[in-house]
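Here is the structure we will look at.
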Amino acid sequence: MSFSGLPDNIEKSEVASLQNGKAYTDVLAEENVRGVRFNIYDITLYSDAIHRADGQFIPATCRVIYAPMLIDKLRLFVPVYLCEIEYPKVVLVLTADLHSNIGDQAFSQCIFDH
Numbered sequence: 000m001s002f003s004g005l006p007d008n009i010e011k012s013e014v015a016s017l018q019n020g021k022a023y024t025d026v027l028a029e030e031n032v033r034g035v036r037f038n039i040y041d042i043t044l045y046s047d048a049i050h051r052a053d054g055q056f057i058p059a060t061c062r063v064i065y066a067p068m069l070i071d072k073l074r075l076f077v078p079v080y081l082c083e084i085e086y087p088k089v090v091l092v093l094t095a096d097l098h099s100n101i102g103d104q105a106f107s108q109c110i111f112d113h
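According to numbering that gives the first Met the number 0, the stretch in the sequence shown is residues 0 to 113, in order.
Below is the structure:
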């Protein structure tokens, strides 16, 4: 997760706390938010550093970040795994039996290397 457009008076520790991926989880599956960039165009901060402590800064930022996630059309994606299995030629006959036992949930891509 990256942030751009932050004013110069924000300390490095505040930016580091914002960039901590564990601080923000997805609202649907509660997984870490990855590959997301937030552009901040307008921000008003207290001039006193005590009011900009992590206890005030992070919860307010979390609410701002969670709002677009709640408004957006939430959806889950089914993971797809690609694996490579090497076996002798004798086992090639058992492919039909394998498909019948796993209910056609896996698809084989046969690549012959001679």
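C-beta: ideal position from N, C-alpha, C; glycine also.
Beta-carbon proximity check, residue i vs residue j, cutoff 8 Å
i, j, result
"L44", "L73", "no"
Cβ shell of residue i (< 6 Å), same chain only, five flanking positions each side left out
i, result
"Y80", "none"
Own chain, CB closer than 7 Å to residue i, minus 5 neighbours either side, in chain order
i, result
"L69", "V26"
Boundaries of the beta strand (DSSP E) in which residue i is found, first to last residue
i, result
"N38", "36-38"
Among the options, the one whose alpha carbon lies nearest that of residue i
i, options, result
"D41", "V63, E85, E30", "V63"
"F37", "Y65, E29, D47", "Y65"
"E29", "I39, L75, T60, S46", "L75"
"I39", "T60, S46, Q55", "T60"
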